[in-house]
Structures are given as C-alpha cells and as structure tokens.
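Visitor:
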Amino acid sequence: MAAPATAVDWPQEVVTDEGSIVVYQPQPESLQGNVLRGRAAMSLQLNNSDETIFGAFWFEAKLDTDRAAGTALIRDVRVTQVKWPDSKDAAEQRFTAIVEGALPENGFEISMERLTASLQTAEAEVKSLENLRHDPPAILFSEQPAVLLMYDGKPRYGAIDNSPYERVLNTPMAVVRRKGSDEYWLSSGKFWYRAADPMGPWTQTTSPPADLARMLPPAEDDTPQPDTPPAIVTADEPSELIVTQGKPAWKSLTGGELLYVENTESPWLRDLPTGNMYLLLSGRWYRAKSEKGPWTFVPADELPTAFARIPPDSDIGGLRSAVAGTEEAEDAVLDAQVPQTAAIKRSEASLAVSYDGKPTFEKIPGTSVAYAVNTASQVLEVGGRYYAVDNGVWFTAADATGPWQVADSIPREEIQQIPPSSPVYNTTYVHIYESTPEVVYVGYLPGYLWSFPYYGVPVYGTGWYYPPYFGRYYYPRPPTWGFNVGYNPWTGWSFGLSYSNGFLSFGMAWGGGYPGGYRPWGCCNGWYGGGYRGPVVINTGDINIGNNINIGNRTNIGNKLQGGDRINLNRARDNLYTSPANRARLADAASAKAQLPRARPADNRANDVFADGSGNVARRVQDGWEARDNGQWSRPSFSEQQKQQAAGTLQQHTTQAQRDAAQSAIQNRSQMNTRQMTPPQLDRHSLDRAYNARQMGMQREMARPQNLKGGFRRR
0 MAAPATAVDW PQEVVTDEGS IVVYQPQPES LQGNVLRGRA AMSLQLNNSD ETIFGAFWFE
60 AKLDTDRAAG TALIRDVRVT QVKWPDSKDA AEQRFTAIVE GALPENGFEI SMERLTASLQ
120 TAEAEVKSLE NLRHDPPAIL FSEQPAVLLM YDGKPRYGAI DNSPYERVLN TPMAVVRRKG
180 SDEYWLSSGK FWYRAADPMG PWTQTTSPPA DLARMLPPAE DDTPQPDTPP AIVTADEPSE
240 LIVTQGKPAW KSLTGGELLY VENTESPWLR DLPTGNMYLL LSGRWYRAKS EKGPWTFVPA
300 DELPTAFARI PPDSDIGGLR SAVAGTEEAE DAVLDAQVPQ TAAIKRSEAS LAVSYDGKPT
360 FEKIPGTSVA YAVNTASQVL EVGGRYYAVD NGVWFTAADA TGPWQVADSI PREEIQQIPP
420 SSPVYNTTYV HIYESTPEVV YVGYLPGYLW SFPYYGVPVY GTGWYYPPYF GRYYYPRPPT
480 WGFNVGYNPW TGWSFGLSYS NGFLSFGMAW GGGYPGGYRP WGCCNGWYGG GYRGPVVINT
540 GDINIGNNIN IGNRTNIGNK LQGGDRINLN RARDNLYTSP ANRARLADAA SAKAQLPRAR
600 PADNRANDVF ADGSGNVARR VQDGWEARDN GQWSRPSFSE QQKQQAAGTL QQHTTQAQRD
660 AAQSAIQNRS QMNTRQMTPP QLDRHSLDRA YNARQMGMQR EMARPQNLKG GFRRR
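Each residue of the sequence shown is one higher than the one before, counting from 0 in numbering that gives the first Met the number 0.
1) Start and end of the alpha helix (DSSP H) containing Asn691?
2) Report the option in Ser29, Asp49, Ala40, Leu35 whose CA atom is closest to the CA atom of Gly18.
3) Applying the 10 Å Cβ sphere with the 16-neighbour rule, what's the burial state of Pro466?
4) Tell me the rounded alpha-carbon separation between Val535 and Asp607.
5) Is it right to say Arg476 is buried, meaning 16 or more other beta carbons lie within 10 angstroms of its own, or is it exposed?
6) Quick one: residues in its chain with C-beta nearer than 6 Å to the C-beta of Ala702, no 5 flanking neighbours on either side, listed in chain order?
7) Short check: CB of Phe58 to CB of Pro25, under 9 Å?
8) Does DSSP put Asn721 in a helix, in a strand, or in coil?
9) By a C-beta neighbour count over all protein chains shown, 10 Å radius and 16 as the cutoff for buried, is Gly630 buried or exposed?
10) Beta-carbon within less than 6 Å of Leu114's beta-carbon, same chain only, minus the 5 sequence neighbours each way: which residues are those?
11) Using 10 angstroms around the beta-carbon of Asn524, count the other beta-carbons present and answer buried if the total reaches 16, otherwise exposed.
12) Skipping 5 residues on each side, what residues in its chain have a beta carbon closer than 6 Å to that of Asn195?
13) Distance check for Gly455 and Ser420, CA to CA, integer angstroms please.
14) Where do the ends of the alpha helix (DSSP H) carrying Leu333 lie?
15) Where do the ends of the beta strand (DSSP E) carrying Asp210 lie?
16) DSSP puts Trp463 in a beta bridge; with which residues?
17) Do you know offhand how far Arg619's Cα is from Ala90's?
18) Does DSSP put Asn487 in a helix, a strand or coil?
19) Under the rule that 16 or more other beta-carbon atoms within 10 Å means buried, what is Gly533, buried or exposed?
20) Count the other C-beta atoms from every protein chain shown that fall within 10 angstroms of the C-beta of Pro84, then say buried if there are 16 or more, exposed otherwise.
21) Ignore the nearest five residues each way along the sequence and tell me which others in Lys153's own chain have a CB closer than 7 Å to its CB.
22) Identify whether Gln339 lies in helix, strand or coil by the three-state DSSP scheme.
23) Roughly how many angstroms lie between the CA atoms of Thr233 and Gly69, to the nearest whole one?
24) Considering only their Cβ atoms, is the gap separating Val616 from Arg627 smaller than 9 Å?
25) Since Ile343 and Ile417 should fall inside the 8 Å C-beta cutoff, what is the C-beta to C-beta distance between them, to a whole number of angstroms?
26) To the nearest whole angstrom, what separates the beta carbons of Asn425 and Ser578, a pair I think is in contact under 8 Å?
27) Out of Ala586, Glu380, Pro171, state which residue places its alpha-carbon closest to the alpha-carbon of Glu413.
28) Can you round the beta-carbon distance between Ile442 and Gln336 to whole angstroms, since I take them to be within the 8 Å contact cut?
29) On the DSSP bridge assignment, give the partners of Trp267 in chain order.
30) Does the distance from the CB of Leu168 to the CB of Tyr473 come in under 9 Å?
31) Is the beta carbon of Gln377 less than 9 Å from the beta carbon of Ala387?
32) For the pair the segment 94 to 102 and the segment 678 to 689, tell me if three or more CB-CB distances fall below 8 Å.
33) Between the Cα of Ala586 and those of Val352, Glu437, Lys246, Asp65, spot the shortest distance and give me the residue it belongs to.
34) Judging by CA-CA distance, which residue of Ser408, Ile20, Pro237 is the nearest neighbour of Arg384?
35) Would you call Glu301 buried or exposed, if buried means 16 or more other Cβ atoms sit within 10 Å of its Cβ?
36) Express the C-alpha separation of Ala305 and Thr204 in angstroms, rounding to a whole number.
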C-alpha cells in the first residue's frame, strides 16, 4: 500500500476563492543566507472554468531547514514578477493579482535532496577556502585490530579527587596512573591495559586495581565493542591509523584500473597505471608509492580518471563523494550552501560562560577581533563588546562574564575576517537572519561543524593545528586528525575506526570527579572538535567509509565489533538546534507551522513543467521540449528550426556590420507580439539543466535509506 502523499511532493496546489494554483517545483536562482530567490512554472484554473492557464513567476522567500527531517520550508513568499505566455493580455492583471495574493499566505515544503540538487542552477555565496591546510598527518599502519591512543602533545595530568590516582587530561580516552608511580592503566569499560609509560607499550590485563575499577563508571551497554582486545598504538602528534586484518588484501575494481584494500575500514586504493597508493583522510586524498611514504596531498579534482568511474553500488561506492565532478561530490558541496535554521525564543535563551580565572583574550592576526583563550566557550571581543556562539546561537554582552542575551545582530564584516588559522574560524558560519520582539531567526552552515568544500569535495577540519589551553583546566581545540573521520551523504561526518568506539565512549563519558579533565563534549559548542558526533558505528562493512549503499553494519571483518544501525541517531544529531542544549530555546515550531497554511500535493499532475529564464513555460517530453502557447503545447516548427540553422550559416559569411544589423532586426521583431505567429523560443540550455537537476534530486530522494524516508511518496 502506497504511503500517503505529503507536501514534499511536487507540483503543489494552493486553493483560493477564485480557483486553484498549481506550483511546479521551484527553480532557484540564488541563495544568500536564508533568502532564496528563484522562479517557478505554475498553472491557474479558475472556478467554473475548464481552461488551464500556464504562467511563470519569480519570487523571493525565506528558507527554514530541518536536516534531521530532511526537509526545507519555503515561506514568506514574495512574488516579484509574473509572466503569462498562455493568456490574453486583458486577463493577465486579474491572474497576477490572484497569484500575488495567494502565494505569500502559504508555505511550500521540499526535500533537502531536491533542494540541494536544484541549487546546481543557482548562484550561492561560497567562501574562498584557499587557507585550509592539507599537510599530511603522521600515517601509521597496523596489520591487526588496533586503537590509536593520541595525546594532544605530551601527556598532562590532573588529580582525581579523593583517590590515589590522576588522569591524563589531554586525551579523550581513560588513561590513569597511580600518583608518584610509573603504573599506567587504560580502559574501554570492557578491556583493561597496563603500561610503564603513557606512550606504551601497552599490554592487555584482566586484573586492574580493584579500587580503580570501582571508581570508573560502567561501560554503556549499547556501545559496540570489539570481541577481542585490540592492540594500542600511541602518538603525541596529529596522526591517523590505518588498520587491516592481516596483510592488506587488494581487490580489483573498474576494469583493472584500480585496486582497493578490502580488509580495512579506511579508504585505501592503488592506481595500477602509475602504481601510486591513495588514502582518504578527513576528506583529503594523499598519494605515495608505498606505506613508508612520503605522502603527498592530491586535490580531489586531480585524481586519476578511474576514480570517477567507481561504481556507485560497489564496496567503495561511497568514495565518489570525495571525487570532484561526480554527482555525489557535487551534491555534498551544494549541501554545504544550505543553512540549518531555527527560531530562538528570547525569553528562554540563556548562556553562562566559565573561565579559568579572569577572562583572557588573544588578538586574531589580520582582524579587529580577539577571542577568549581560557574557556571552553567561543567568546569574541569586537569593538569593546562581547559575542559568544553556543550551539549555533549568537549571544552578546557588555562584559565578558555576562549577563548574556540573544543577539539581534553581530559585527558581521569584522567576524567574517577570521581566518581558518584561528580556532574560532567556524563561528563565521553562524548567522542571524531576522528578529521580532519574541524570537530571533538564526542558522548555521556545515562550516560551523568544521565541514568545508575544498577542490570540489567536502573535507573535515581546517587542517590547522590549534594548541590547547592548559591552566588549572585543559581545553582542547578542534582537531582535524586522529579519529578516522569519514563522510556519509545521509549522516555527514562520523568517527570511522570501529575498534576505537568503546574506548572513546568510555573515556568521554568519564567526565566528573576530577578537576580540569578532558572536556570533549563541552568544547566547541557541544561536540568534540565542534562537529564530531559521538562514537557511533556507521560504515563498518567491507571498507564502507562514506558508502551510500552499505550503510551501517551490514557485513563484518573478522571479529570486528557488531552493533546496531545508528543512522537514526546520527540523523537527529545533524541538527544542533534540536540538541538538549537548545531544546528550551526553540520557539514552538508546531504552533508556528500550524499558523502557516501549506500547499498540498497536486494529485495526478506530473512534475514536468518548467520556466526558462525569460518566463516561457515548457513541458518535458520524451525527446525534448514543448512550449505552452495559446492554450496548447507545441514544438518549434521545422521551418523555425531551418531559420535558426540558416541564421547560423549566414553568420559565417557576413561582415560584422551585417551581423549587427541582422541582430538588431531580430531584437526588434522579438519585441513585437508574435504569439499568434510562432511558438516562443525556449532557452533549452537552462531548461535542460533544470530538468537534470530535478531528476537528480528525485533519484537522491529515492536513494535515501528507508529509515530516513518518513512518509514521502516519490514521483
């Protein structure tokens, strides 16, 4: 039984007192902040009339997005222009008045897949990201299940209250030593290890100190863990660990041009014509002749051509989103242009900022902005006033210690000058759109969560190393490396290496009982590094980092952990505005939406009508386009096509003056009312682009995992 239609289906219908308006899927022309401008084809049928009149309108509207639901709402539609190629002049004024009166009173819902695909034909604000870094981290290899224990510099210690132990502060894992001794312990909640040095070697043990075991919290039951204890690999510099089950097992792909390692979770390929190896780390490609290196960065638009031919349904099909020029990569980059939005209640939004002593600010070179260094919060000082970002919401205060209130505006030009070399760079991606006495409308782009378009693909992190703050407390800064981060088109960025999940979950959960411990969930707006989700399990199949086909634990490598599918959890976490820190701040979305009538699906109508840039209405047919003219669909006559061909031939044999005269005559004729004589001339190029984008959006909507589809009905 088919699911009931929802208003994400297109076309959509608005019913008025004088008739009904069918609006076909919008064709965006620009997206700036949350302001969407574009055009759309439409049809109007008046009451007591069998005639359907087609037209086109241009609009400016506000865009509200919900990434967790996978939808966007086009609201506050302002019709800026209307064209009726299918009507008599005498009636156009009446038709226009109906449209201009009805559309602003309705909201139109669209899936994120269709929206982002349609943005391929739109202009959008895109930041220059020339200052991102791509220096390779230290790349380590292990031929047995292993976990990377990475310290943020040399190990630092903090005493654990009411105990003889102290914890290593600058690692997310639970590393403890007995005070005054060289006895170190590491735990995942399930496995225990001991060492005489924090850098190892670490050996597994089943007999940790009883008082220490009692002091640590129990492991979470739903956190997947390996069946057998993995080895521990240590590092005190930015590093990535590549793990295989035994020797790398190379498998052929795409006609023998590429090999990939099938017994690893890390994207590891070899280009046979050159013999070069390629690794994908935090969205960046690195190349070397062997595992020993040296590893060199390769822009995603300079990869071997075979990468673009990786089959989407293959084991490594998800890597296509990291190959510039593929549909998957283009979609991911377009996604970075669409903000996540919310309405924040002034009365419920509050903020408290804690400092390690008196607030200390450091000037950001090349800007008039300074940022607070001795706090886990992101606090800026501009022109003697203070601004803080918390979970995608701007606050302001006259003093660095508060009191804080939701900001109506920020010094945008000054803040936009913050470079990627600063640990508060991500705040440049948080915006204030509008405000009322009750609410402030805000939004953030994926850059706030440290995801950026770079050489045509999404990458994670700026690549810069941000030194942590050490005082009485330790405040980590957003990292790029160390967590085998992988991209998935449905869930965004997540931890990749499954063996580490239990260790990270356990270490991060152990957040109390000691002063100044590792505070990953308090750092950078509630997520470690500003954008990492918690240790979740996705793509732990036969390499499937970012694989848009084999999402979740569909297959397993050896004794690798087996856990439940966490996609729903990840999807919900895509929206910071629904996180616990923001729930009380949100305006009541249900009541707000209830006040806005929604366009309903226009049943039994195909989503096949478009408007070109001149407002001509066209219908897609199997072998081309038909134009709407004088109440019927028609195609350019053969004689008209001959005229166009002849004009092209004539242009090759005439002088520039003759061509200019001919062009002038054509323009003069085009200004005459010739609707009765010939069908309108369509801009086929723009129509083809719009059609391809619409088809792509529908395909992506269909490809969305079933547990993310809701009640959508696809067309």
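No residue lacks a Cβ here, since even glycine has one placed at the ideal position from N, Cα and C.
These figures come from a predicted structure and were not determined experimentally.
Guide: Here's the rundown:
1) Locating residue 691 in the sequence shown gives position 692, where the first residue counts as 1. That run of the alpha helix (DSSP H) goes 683 to 702.
2) Translated into the one-based positions of the sequence shown, residue 18 becomes position 19. Gly18 has its Cα closest to that of Asp49, out of Ser29, Asp49, Ala40, Leu35.
3) Residue mapping note: residue 466 aligns to position 467 of the sequence shown, counting from 1. It counts as exposed.
4) Sequence index remark: in the sequence shown, residue 535 carries index 536 (1-based). Sequence index remark: in the sequence shown, residue 607 carries index 608 (1-based). In this prediction, Val535 scores a pLDDT of 29, lower than 50, which makes its location untrustworthy; no coordinate-derived value is stated.
5) Taking the first residue of the sequence shown as position 1, residue 476 is located at position 477. When all chains shown are included, Arg476 counts as buried.
6) For the purposes of this step, residue 702 is identified with residue 703 of the sequence shown, where counting begins at 1. There are no such residues.
7) Within the sequence shown, numbered from 1, the residue matching residue 58 stands at position 59. Within the sequence shown, numbered from 1, the residue matching residue 25 stands at position 26. Yes, the pair counts as a contact, with Cβ atoms nearer than the cut-off.
8) No information on residue 721 is available, as it lies outside the stretch 0 to 714 that the chain covers here.
9) Indexing the sequence shown from 1 puts residue 630 at position 631. With fewer than 16 other Cβ atoms within 10 Å, it is exposed.
10) In the sequence shown, the residue the question calls residue 114 occupies position 115. Excluding positions up to five away in sequence, the list reads Ala71.
11) Translated into the one-based positions of the sequence shown, residue 524 becomes position 525. Per-residue confidence for Asn524 stands at a pLDDT of 32, beneath the threshold of 50, marking its modelled position as unreliable; no derived number is given.
12) As a first step, residue 195 must be located in the sequence shown, where it is residue number 196. Per the sequence shown, residue 195 should be read as Ala rather than Asn. The answer, listed in chain order, is Asp181.
13) Walking along the sequence shown from the start, residue 420 turns up at place 421. Walking along the sequence shown from the start, residue 455 turns up at place 456. If I take the Cα positions, the gap works out to 21 Å.
14) Residue mapping note: residue 333 aligns to position 334 of the sequence shown, counting from 1. Its alpha helix (DSSP H) spans residues 326 to 334.
15) As a position in the sequence shown, residue 210 is number 211, starting the count at 1. It is not in any beta strand (DSSP E) - Asp210 instead sits in the alpha helix (DSSP H) that spans 209 to 214.
16) By 1-based counting over the sequence shown, the position of residue 463 is 464. Its beta-bridge partners do not exist; DSSP assigns none.
17) Here residue 619 is taken as the residue at index 620 of the sequence shown, counted from 1. Here residue 90 is taken as the residue at index 91 of the sequence shown, counted from 1. Distance between the alpha carbons of Arg619 and Ala90 is about 27 Å.
18) As a position in the sequence shown, residue 487 is number 488, starting the count at 1. It is a strand residue.
19) By 1-based counting over the sequence shown, the position of residue 533 is 534. Per-residue confidence for Gly533 stands at a pLDDT of 33, beneath the threshold of 50, marking its modelled position as unreliable; no derived number is given.
20) As a position in the sequence shown, residue 84 is number 85, starting the count at 1. With 16 or more other Cβ atoms within 10 Å, it is buried.
21) The residue labelled residue 153 in the question sits at position 154 within the sequence shown. If we look at Lys153 and ignore the five residues flanking it on each side, its Cβ neighbours are Asp235.
22) If you number the sequence shown from 1, residue 339 lands on position 340. Residue state, collapsed to three classes: strand.
23) Numbered from its first residue, the sequence shown carries residue 233 at position 234. Numbered from its first residue, the sequence shown carries residue 69 at position 70. Those two C-alpha atoms are separated by around 39 Å.
24) Looking up residue 627 in the sequence shown gives position 628. Looking up residue 616 in the sequence shown gives position 617. Closer than 9 Å, so yes.
25) Start at 1 with the first residue of the sequence shown, and residue 343 comes out as number 344. Start at 1 with the first residue of the sequence shown, and residue 417 comes out as number 418. So it is not a contact: roughly 23 Å between Cβ atoms.
26) In the sequence shown, the residue the question calls residue 425 occupies position 426. In the sequence shown, the residue the question calls residue 578 occupies position 579. Contact doesn't hold; Cβ gap of about 16 Å is too wide.
27) Counted from its first residue, the sequence shown places residue 413 at position 414. The shortest Cα separation from Glu413 among Ala586, Glu380, Pro171 belongs to Glu380.
28) In the sequence shown, counting from the first residue as 1, residue 442 sits at position 443. In the sequence shown, counting from the first residue as 1, residue 336 sits at position 337. The residue you asked about is not Ile; residue 442 is Gly in the sequence shown. Going by Cβ atoms, the distance from Gly442 to Gln336 rounds to 12 Å, so no, they are not a contact pair.
29) Here residue 267 corresponds to residue number 268 of the sequence shown, with the count starting at 1. In the DSSP output, where bridge partners are listed per residue, Trp267 has Leu278.
30) Locating residue 168 in the sequence shown gives position 169, counting from the first residue. Locating residue 473 in the sequence shown gives position 474, counting from the first residue. Against a cut-off of 9 Å, the Cβ pair of Tyr473 and Leu168 comes out as a contact.
31) Translated into positions along the sequence shown, residue 377 becomes position 378. Translated into positions along the sequence shown, residue 387 becomes position 388. Yes, the Cβ-Cβ distance between Gln377 and Ala387 is below 9 Å.
32) no
33) The sequence position of residue 586 within the sequence shown is 587, counting from 1. Ranking Val352, Glu437, Lys246, Asp65 by Cα distance to Ala586 puts Glu437 first.
34) Taking the first residue of the sequence shown as 1, we reach residue 384 at position 385. Ranking Ser408, Ile20, Pro237 by Cα distance to Arg384 puts Ser408 first.
35) Within the sequence shown, residue 301 is the residue found at index 302, counting from 1. With fewer than 16 other Cβ atoms within 10 Å, it is exposed.
36) As a first step, residue 204 is located in the sequence shown; it is residue number 205 there, counting from the start. As a first step, residue 305 is located in the sequence shown; it is residue number 306 there, counting from the start. Those two C-alpha atoms are separated by around 47 Å.
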